[in-house]
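Report on the following structure.
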Amino acid sequence: MFKTIAIALLPSLLFFGSGVDQMINSTASTRSHDTGTLEKMIVGGGSVAMDIDVNTLNGTISRGRASRPAAVRFAAVKDSFFKALIYNGEFRGLPPGTLRLDPQVSAPLPAKLAASLRDLTIESLEWGGQYELAVRDANTGYTFFNIEGFETSYDQYGRSLTLSGGRLLVSPEFASELGRGSLANKAIGEITISVEMYPIEVTQIVDGETTQNVLPPSGPLAGTVPGPDVVVGDLSGLAQFGSSAGGFVGLAVGTDSCNFGTVNLNWFANPANDHPVIPQNLYRMSGGSGNTERFEQVGQSSVKHAFTALTNNICNLGCNGVGGSQLGSGCSDPYSASLNAGPNLGSRAWINPYTGFYPRDDSATRNNDHTGHTHTGPSHRIYTNINDLNTTLNPGATYFAEGQYVTPHEYAWCQSNPTQCNMNNNVSYRQYNVSGTTSFSFTAAAATVRQKAAIYAWTGASFSEFAPAPGVDGIGVVGYKVTNPSAGVWHYEYAVYNMNIDRAIQSFSVPVGAGVTLANLGFSAPPQHPGWAADGTTGNAGFSGTPWSPVQGSNSVSWSSESLAQNPNANAIRWGTLYNFRFDSNRPPTTGNATLGFFKTGSPMTVAVQVPSAAAQSQVTVTGRVFSPGGLPMSGVLVSIADIDGGTSRLATLTSSFGYFTFTDLPGGRTYQITPVSRFYTFTPQTIQINQDLNDVNFTGIAP
9 MFKTIAIALL
19 PSLLFFGSGV
29 DQMINSTAST
39 RSHDTGTLEK
49 MIVGGGSVAM
59 DIDVNTLNGT
69 ISRGRASRPA
79 AVRFAAVKDS
89 FFKALIYNGE
99 FRGLPPGTLR
109 LDPQVSAPLP
119 AKLAASLRDL
129 TIESLEWGGQ
139 YELAVRDANT
149 GYTFFNIEGF
159 ETSYDQYGRS
169 LTLSGGRLLV
179 SPEFASELGR
189 GSLANKAIGE
199 ITISVEMYPI
209 EVTQIVDGET
219 TQNVLPPSGP
229 LAGTVPGPDV
239 VVGDLSGLAQ
249 FGSSAGGFVG
259 LAVGTDSCNF
269 GTVNLNWFAN
279 PANDHPVIPQ
289 NLYRMSGGSG
299 NTERFEQVGQ
309 SSVKHAFTAL
319 TNNICNLGCN
329 GVGGSQLGSG
339 CSDPYSASLN
349 AGPNLGSRAW
359 INPYTGFYPR
369 DDSATRNNDH
379 TGHTHTGPSH
389 RIYTNINDLN
399 TTLNPGATYF
409 AEGQYVTPHE
419 YAWCQSNPTQ
429 CNMNNNVSYR
439 QYNVSGTTSF
449 SFTAAAATVR
459 QKAAIYAWTG
469 ASFSEFAPAP
479 GVDGIGVVGY
489 KVTNPSAGVW
499 HYEYAVYNMN
509 IDRAIQSFSV
519 PVGAGVTLAN
529 LGFSAPPQHP
539 GWAADGTTGN
549 AGFSGTPWSP
559 VQGSNSVSWS
569 SESLAQNPNA
579 NAIRWGTLYN
589 FRFDSNRPPT
599 TGNATLGFFK
609 TGSPMTVAVQ
619 VPSAAAQSQV
629 TVTGRVFSPG
639 GLPMSGVLVS
649 IADIDGGTSR
659 LATLTSSFGY
669 FTFTDLPGGR
679 TYQITPVSRF
689 YTFTPQTIQI
699 NQDLNDVNFT
709 GIAP
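So for the sequence shown, the numbering used here puts the first residue at 9; every next one is plus one.
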């Protein structure tokens, strides 16, 4: 059961040894002695979600629009000494400790914070201070945010700890760094920490006295994640199988699955429809001076239908010995590259990647029927164009193999246990070197990166994760990168990855403002397998490979496939695929929102990316309002505006009876400092580069 309690750290909770007696005797109970088990636990894994108002943090103001928080996501690094004290299954406190973070999804952040993103930690602070948690740079100790107001819940059975609803307060030093002291100690967003814990010290207490201190065996227990949870524990043996045909080759990579869950995972082989299916993908990073400009998918396979789980222990979780029709908690099951090469692999078209549903293989719509179908070397394997691998044509390119497990059991378990949903961590990748020009061999260049999609290997890119219908459909990621290959030219590169969204993606649009010109518009997508009888597509025609063509409007550039009504087999971004969109522009980047439209159902949604900035207007208008510390509008306040880009102009005006001020006919494209002056309060000036008309440039007084 979950027990939600407010955090109230007592000094006696923070130490073991002689402090244990004091801790037990200082509980809310009035008993003079107590008996139980005190566990000191550290992090076994998990995630951290920050939702940050980046517009306010960056000092950018959107005309007539409220700021929307941007998602910044991290994985909690295993074995972090972010300690928790658990007594008789209940959370008692957080001793000083450190939670290391691994960034997963980023957003446009101020330069100092962005530079520290990979070094951020969450610090549990000494008891007695104003704050209990802080976000800091691990190398320098610099504090970006203090955290207050979070609630804590601990699941003693799943050993999972959640700190939710915490407010991120801008530290005074970070506010000073930003040049906006008014942000100090102001809430700029929220944070949720969700981690699995395991004990490093267990103390037995009888009648208030310590009777035994033990250190548990090192390493996590078999199956530490509540529910069933299959992940790709390892990728191995990427190879070409068979001969080329029609300019394509067929590849396959070995996959070892691991059940990180506490529940045995169903593995009932065909004709049953309750086992994992295994697709494989191949990606290439290339282009630009460092061969990191773009990240493209160059191949995809059909799916292997799993059968007969073994009881290996490649993930070192401690297999419980259950195999056959279930993959036991902590166990692993190997599929070599030759086994995943088939070639009797099933079509992806039958599968809902979020629910894991596909028809039985003894039904009228069999999930893996190859009757009357002739196989060639590329058939159903990772279907890859020879030119995308040819080392002469791709000098310096980097390749990544990716495996994914999709299973109905995780979704079914999630429906009856809504806090134990593990459908979104089933993808892993590994870097490979390639050699050859017409036939190919591969060698592993790095270890498998577990529970991450290959898109996160894109060097220098930023990422925005999106979920069109949380709890109903899956997730995807938009990666983006802007480079400046020559003076006055910016190259914009976007990669849209659909991990397990059944509705698929039908369109992608980027806003472009006034004065923006585009050139070299481009698109890429992985090749589609030819259709075959009973492949699950309409008319058994296979999915279309028709490229998306760009359409430039007055304020956007868009790409799209045919609609569902036009062609049910259209070249939409279906699950397990990544499509690319690119262009050059005459304008540098700014923060904006790209729009995604969906193929089967659902309204369009936006994701935060970098987009070309609009050219400056020749004349701009600035309006705003001045408030007292109590939020009342102030009349008669002198507001001045000064051009600090080398100009000499300084204008001043008085606020109206409702606190408003307006400056008109200002030269656009320049940087201005706006300063209110009052004999009652002080105000923090705002320095803004003004390219367009601005509204809501507001000020709040600071009492002396």
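Quick reminder that beta carbons are idealized off the backbone N, C-alpha and C, glycines included.
Checklist line | Secondary structure of Asn-432, DSSP reduced to three states | finding: coil
Next item on the list: With a threshold of 16 other CB atoms inside 10 Å of the CB of Arg-687, please say whether the residue is buried or exposed.
Entry: exposed
Checklist line | Reduced DSSP category for Ile-155 - H, G, I as helix; E, B as strand; rest coil | finding: strand
Next item on the list: Evaluate Gly-231 with the Cβ neighbour count: other Cβ atoms within 10 Å of its Cβ, from every protein chain shown; 16 or more gives buried, anything less gives exposed.
Entry: Burial call: buried.
Notebook entry, point to check: Looking at Val-238 and Tyr-366, is the spacing between their C-beta atoms short of 8 Å?
Noted result: Contact flag unset, no.
Check: Distance, Cα to Cα, Leu-640 vs Leu-176?
Finding: 26 Å
Next item on the list: Determine the DSSP secondary structure at Arg-687, reduced to helix, strand or coil.
Entry: coil
Notebook entry, point to check: Could you give the C-beta distance for Glu-418 and Met-431, rounded to a whole number, given that I count them as a contact under 8 Å?
Noted result: Rounded to the nearest angstrom, the Cβ distance from Glu-418 to Met-431 is 5 Å, consistent with a contact under 8 Å.
Note to self: For the stretch 507-515 against the stretch 481-489, do three or more pairs of beta-carbon atoms, one drawn from each stretch, fall closer than 8 Å, so that the two count as touching?
What the structure shows: yes
Note to self: Closest to Thr-631 by C-alpha separation, out of Phe-531, Gln-164, Val-705, Gln-574, would be which residue?
What the structure shows: Val-705
Note to self: Just verifying my parser: in three-state terms, what is the DSSP assignment at Thr-266?
What the structure shows: In the sequence under discussion, the amino acid at residue 266 is Cys, which differs from the Thr named in the question. In the structure shown, Cys-266 sits in a strand (DSSP, three-state: E or B).
Notebook entry, point to check: Measuring CA to CA, which of Ala-119, Ser-657, Gly-385, Glu-473 is closest to Ala-616?
Noted result: Of the candidates Ala-119, Ser-657, Gly-385, Glu-473, Glu-473 places its Cα closest to the Cα of Ala-616.
Notebook entry, point to check: Three-state secondary structure (DSSP) at Arg-126?
Noted result: helix
Check: Residues in its own chain within less than 6 Å of Thr-679 by CB, not counting five upstream and five downstream?
Finding: Ile-652, Asp-653, Gln-697
Check: Between the Cα of Ile-196 and the Cα atoms of Val-628, Val-80, Pro-287, Thr-106, which residue gives the shortest distance?
Finding: That would be Val-80, whose Cα lies nearest to the Cα of Ile-196.
Check: Straight-line CA distance for Pro-116 to Ser-447?
Finding: 42 Å
Note to self: Let me confirm a value: Leu-401 is counted as buried when at least 16 other C-beta atoms fall within 10 Å, else exposed. Which label applies?
What the structure shows: Taking all protein chains in view, the Cβ of Leu-401 is surrounded by fewer than 16 other Cβ atoms within 10 Å, so the residue is classified as exposed.
Check: Taking the C-alpha atoms as reference points, what is the distance between Thr-319 and Asp-282?
Finding: 19 Å
Margin query: Comparing C-alpha positions only, which one of Gln-627, Pro-416, Val-628 sits nearest to Asn-434?
Written below: Pro-416
Check: CB-CB under 6 Å to Val-271, same chain, minus the five flanking residues each way: which ones, in chain order?
Finding: Its chain contains Gly-235, Pro-236 as the residues whose beta carbon lies nearer than 6 Å to that of Val-271, once the 5 sequence neighbours on both sides are disregarded; these appear in chain order.
Note to self: Spatial neighbours of Gly-553 within its chain, please: C-beta separation below 8 Å, excluding the five flanking residues on both sides.
What the structure shows: The residues Ala-533, Pro-535, Gln-536, Asn-579, in chain order, have a CB closer than 8 Å to that of Gly-553 in the same chain once the five nearest residues on each side in sequence are set aside.
Next item on the list: Report the residue ranges of all beta strand (DSSP E) runs contained in full by the stretch 516-583; include only those spanning at least 3 residues, in chain order.
Entry: Those beta strand (DSSP E) runs which fall completely within the stretch 516-583 and span 3+ residues are 526-532, 557-560, 564-568.
Next item on the list: Note down the Cα distance separating Leu-702 from Ala-455, rounded to an integer number of angstroms.
Entry: Leu-702 and Ala-455: Cα-Cα distance of roughly 50 Å.
Margin query: Val-524 and Arg-595 - do their beta-carbons sit closer together than 8 Å?
Written below: yes
Notebook entry, point to check: Would DSSP call Asn-299 helix, strand or coil?
Noted result: coil
Next item on the list: Put Thr-445 into one of helix, strand or coil per three-state DSSP.
Entry: coil
Notebook entry, point to check: Helix, strand or coil: which one does DSSP assign to Ser-184?
Noted result: In the three-state scheme derived from DSSP, where H, G and I count as helix and E and B as strand, Ser-184 is classed as helix.
Check: In whole angstroms, what is the alpha-carbon distance linking Ser-563 and Val-520?
Finding: Reading the sequence as shown, one finds Asn at residue 563 and not Ser. Approximately 5 Å between the Cα atoms of the pair.
Checklist line | Check whether Ser-132 and Phe-99 have beta carbons under 8 Å apart | finding: Cβ atoms of Ser-132 and Phe-99: not closer than 8 Å.
Check: Tell me the DSSP bridge mates of Ile-714?
Finding: An answer regarding residue 714 cannot be provided, because it is not within the stretch 9 to 712 covered by the chain.
Check: What's the call for Tyr-95, buried or exposed, on a 16-neighbour Cβ count within 10 Å?
Finding: buried
Checklist line | Those residues which DSSP pairs with Ala-452 across a bridge | finding: Tyr-440
Check: What are the boundary residues of the alpha helix (DSSP H) that Ser-55 is part of?
Finding: Note, Ser-55: premise wrong, no alpha helix (DSSP H); beta strand (DSSP E) at 44-60.
Next item on the list: Name the two residues that bound the continuous beta strand (DSSP E) containing Ala-660.
Entry: Here the beta strand (DSSP E) through Ala-660 covers 658-662.
Next item on the list: Just list the alpha helix (DSSP H) runs in the stretch 330-411, keeping only unbroken ones of 4 residues or longer that don't cross its boundaries, in chain order.
Entry: 345-348
Margin query: Just to confirm my understanding: we take Asn-348, look at its own chain, exclude 5 residues before and 5 after, and list those with CB closer than 6 Å. What are they?
Written below: Ala-260, Lys-312
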